[in-house]
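Encoded as structure tokens, the structure appears first; notes follow it.
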Amino acid sequence: MSLAFTIGVTPFSGHRVGCLSQTFPVVKAIAKKSYAIGKSSLTTTDLLGELKEKLKGEEDDDSRAAATVPPSDIPSSLCIIDTLERLGVDRHFQSEIDTILEDTYRLWQKKHKVIYSSVTTHAMAFRLLRVKGYEVSSEELAPYADQERVSRQTTDVAMVIELYRAAYERMYEDESGLEKILAWTTTFLKHQLQSNSIPDKKLHQLVEFYLKNYNGITKRIAARRNLDLYDMSYYQALKPTDRFSNLCNEDFLVFARHDFNICQAQNQKDLQQLQRWYADCRLGTLKYGREAILMCYFLASLAMEDPELSYVRVASASNMVLVTCFDDFFDVGGSRQESYKIIELVKEWKEKPVAEYGSKEAEILFQALYNTVNEVAEMAGVEQGRGVKGFLVELWIEMLLAMKIELDTWTDGVQLSLDEYMSKSWMSTGCRISLLMSSMFLGVKLSEEMLRSEECSDLCRHVSIVRRLLNDVTTFERERKENKGSSVSILIAEGRSATEEEAIAEIKEVVDYYTRKQKQIVYKQATIFPRKFKDIFLEGCKIISHMYSSSDEFTSPQQLMADVKSLIYEPLTLSS
Numbered sequence: 001m002s003l004a005f006t007i008g009v010t011p012f013s014g015h016r017v018g019c020l021s022q023t024f025p026v027v028k029a030i031a032k033k034s035y036a037i038g039k040s041s042l043t044t045t046d047l048l049g050e051l052k053e054k055l056k057g058e059e060d061d062d063s064r065a066a067a068t069v070p071p072s073d074i075p076s077s078l079c080i081i082d083t084l085e086r087l088g089v090d091r092h093f094q095s096e097i098d099t100i101l102e103d104t105y106r107l108w109q110k111k112h113k114v115i116y117s118s119v120t121t122h123a124m125a126f127r128l129l130r131v132k133g134y135e136v137s138s139e140e141l142a143p144y145a146d147q148e149r150v151s152r153q154t155t156d157v158a159m160v161i162e163l164y165r166a167a168y169e170r171m172y173e174d175e176s177g178l179e180k181i182l183a184w185t186t187t188f189l190k191h192q193l194q195s196n197s198i199p200d201k202k203l204h205q206l207v208e209f210y211l212k213n214y215n216g217i218t219k220r221i222a223a224r225r226n227l228d229l230y231d232m233s234y235y236q237a238l239k240p241t242d243r244f245s246n247l248c249n250e251d252f253l254v255f256a257r258h259d260f261n262i263c264q265a266q267n268q269k270d271l272q273q274l275q276r277w278y279a280d281c282r283l284g285t286l287k288y289g290r291e292a293i294l295m296c297y298f299l300a301s302l303a304m305e306d307p308e309l310s311y312v313r314v315a316s317a318s319n320m321v322l323v324t325c326f327d328d329f330f331d332v333g334g335s336r337q338e339s340y341k342i343i344e345l346v347k348e349w350k351e352k353p354v355a356e357y358g359s360k361e362a363e364i365l366f367q368a369l370y371n372t373v374n375e376v377a378e379m380a381g382v383e384q385g386r387g388v389k390g391f392l393v394e395l396w397i398e399m400l401l402a403m404k405i406e407l408d409t410w411t412d413g414v415q416l417s418l419d420e421y422m423s424k425s426w427m428s429t430g431c432r433i434s435l436l437m438s439s440m441f442l443g444v445k446l447s448e449e450m451l452r453s454e455e456c457s458d459l460c461r462h463v464s465i466v467r468r469l470l471n472d473v474t475t476f477e478r479e480r481k482e483n484k485g486s487s488v489s490i491l492i493a494e495g496r497s498a499t500e501e502e503a504i505a506e507i508k509e510v511v512d513y514y515t516r517k518q519k520q521i522v523y524k525q526a527t528i529f530p531r532k533f534k535d536i537f538l539e540g541c542k543i544i545s546h547m548y549s550s551s552d553e554f555t556s557p558q559q560l561m562a563d564v565k566s567l568i569y570e571p572l573t574l575s576s
């Protein structure tokens, strides 16, 4: 098994959980802090207000009443949306972004010339509209599948980057045009790096960043990297008569740095709370397993960046720690019978005299789970307006039973087919319980029927399969030495792959397939779930891809620890 990653929610055993404002009062305090910028002193609220005013442009009253964007302003407006997203502050400007994209979509449907004014604008419009859920056909980008046709225009790195990013929004198997665009743009950008043909150092580093693992670029990691690579002259080509002539790049950068530091300060407070929970649960006294508390919080912070989601982040990280501890107990910490015993304890869901737990480790694990789930269930019940504890306990039982099946299978030497393995192994990852627990605190009312729907099941299954398969790719050698199976070893045993390299390549294709399936659900409008609910499942896929970009997240943490340091411990300077 050797699993330890989930994106979920869990509370603080030993600490009575009050309302969010009581438990985490620091958000408002941080937001009021003033920072010196040059010769001025502005709060983040001041900066946000100034940016919003500048985003309105120099429109007359009639234009503002119509709340539309003139066609000539669309290219600039799309660039601004892209900048807000890249710097991680788009959540502050959703109404402005929605207005721009609504107008862009109307022009897209009319095939307005401004959409085709440049390859860059065309590709960016496609990407931003598709991600937002608008129905845009990839056939519109089909002309760019032929590199030679594109090369007849002025081919520059920035333009190719936009085509590359657009191609990664492929959702369907028959979108061969996007597949071809991705192939040639990847080759082009790699050649530019290898031949040192990009004189701009920041642009060179940005291309390296995108090529390394585009599917694994999460919002927070992207924001931190882009704040370092942000080009102050990015809009120098915009016409001086442009609607946004009063908006300079330093406005974005100053605000984004403020916002990042606010989030980071809250992260540090959260981590202290998580450490208190960990100590109260006595999990540090367990004699086996991985020390995962810092990494689990890091993962939670990637999934939910808003400072106001402090409770959800700490609860989510707590849940990941528990999943890791139970997984390690089934793997190395307990005997087979002790693993069976702890499943029965969870099924009964009752505290017992210490002697009846069977072992000290089982008592610590059960008490931590029991107190944590009970506390978070009470909080979630308030959020949802109904009892949810039974549902959460049921999810835990299902996950532990899946772990038991894996334990029995590998212990008894049972050979599984790939279909059998895929049908069961995804449930033991813990993603389902963690994501659904987290989603109960996002301001979305979730009925029992919604949580048991096919759509919800698919969202959970897709991210869990991505998790399972990428874990297999990076840990199969260790699993093989321990006589445990994985999708890699099964493919080779079935003769579907002749070598480990072929098996890994095939599995990565399956990962891409399920990532596309996830996008189909998340990007689709008018489903039973709102977008804010579905987004955490797609972000989960990105986080998983990032965690397994080189090796599994706990046994080879060098790059991950560098990310932890930059996101949680190293504040940004507030000068440009």
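Quick note on UniProt numbering: the sequence shown kicks off at 1 and runs consecutively.
Each residue gets a CB set at the ideal place from its N, CA and C atoms; glycine is no exception.
Model, not experiment: these values are computed from the prediction.
For Met561, the enclosing alpha helix (DSSP H) has its first and last residue at 558 to 564. Secondary structure remark: continuous alpha helix (DSSP H) runs of at least 4 residues inside the region 422 to 458, in chain order: 431 to 439, 448 to 451.
Contact annotation, Leu286 with Gly333: C-beta distance approximately 7 Å; criterion of less than 8 Å satisfied. A distance below 6 Å between beta-carbons, with the five flanking residues on each side excluded, links Tyr523 to the following residues of its chain, in chain order: Gly133. The beta carbon of Ser339 is closer than 8 Å to those of Phe329, Phe330, Met403, Lys404, Leu407 in its chain, skipping five residues each way along the sequence. Under a 10 Å Cβ-count criterion, Gly485 is classified as buried, with 16 or more other Cβ atoms of the shown protein chains found around its own Cβ. Secondary structure remark: continuous alpha helix (DSSP H) runs of at least 4 residues inside the region 321 to 395, in chain order: 336 to 348, 360 to 384.
Under a 10 Å Cβ-count criterion, Pro75 is classified as buried, with 16 or more other Cβ atoms of the shown protein chains found around its own Cβ. In the displayed model, Asp103 falls within a helix according to three-state DSSP.
Bounds of any alpha helix (DSSP H) do not take in Ile528, whose DSSP letter is neither H nor E. By the neighbour-count criterion, in which 16 or more other beta carbons inside 10 Å mark a residue as buried, Asp259 falls on the buried side.
The region 442 to 451 makes no contact with the region 462 to 482, as fewer than three CB pairs between them are under 8 Å. Apart from sequence neighbours up to five positions away, the residues of its chain that approach Ala317 with a beta-carbon distance below 6 Å are Leu274, Cys296, Tyr297, Ala300, ordered along the chain.
Around the beta carbon of Ala377, a 10 Å sphere encloses 16 or more other beta carbons of the protein chains shown; the residue is thus reported as buried. Here the C-alpha atom of Gly358 lies approximately 45 Å from the C-alpha atom of Arg531. The beta carbons of Leu294 and Val564 sit closer together than 8 Å. In the structure shown, the three-state DSSP call for Met399 is helix. In the three-state DSSP reduction, Val136 falls in the coil class, being neither helix nor strand. Cβ neighbours of Leu418 within its own chain (closer than 8 Å, five residues either side excluded): Ser487, Ile490, Leu491, Glu494, Arg496. Selection Gln147, Lys201, Phe209, Leu206 evaluated against Leu182 yields Gln147 as nearest (Cα-Cα).
In this structure, the beta-carbon distance from Arg86 to Asn196 does not fall below 8 Å. Under the three-pair Cβ rule at 8 Å, the region 122 to 132 counts as touching the region 163 to 178. Taking a C-beta distance under 8 Å as the contact criterion, Tyr210 and Ile161 qualify as a contact pair.
Inclusion of Gln518 and Leu538 in the CB contact set at 8 Å is warranted, their separation being smaller than that value.
Residue range 201 to 212 is occupied by the alpha helix (DSSP H) that includes Gln205.
The C-beta separation of Thr83 from Phe326 comes to about 43 Å, leaving the pair out of contact by the 8 Å criterion.
Taking 8 Å as the cut-off, the beta carbon of Ser464 is found closer than this to the beta carbon of Trp426. One thing to note: Val119 has its Cβ no nearer than 8 Å to the Cβ of Ser72. Three or more beta-carbon pairs separated by less than 8 Å are not found between the region 384 to 398 and the region 303 to 316, which leaves the two stretches without contact.
In this structure, Gln264 lies near Ile568, with their beta-carbon atoms less than 8 Å apart. At the C-beta level, Gly88 and Leu141 stay beyond 8 Å of one another.
Boundaries cannot be given for Met171, as no alpha helix (DSSP H) includes it and DSSP labels it neither H nor E. If you look at Glu162, you'll find it in the alpha helix (DSSP H) that goes 157 to 167. Rounded to the nearest whole angstrom, the CA to CA distance from Lys180 to Leu322 is 43 Å. Residue state for Pro71 is assigned as helix, using DSSP reduced to three classes.
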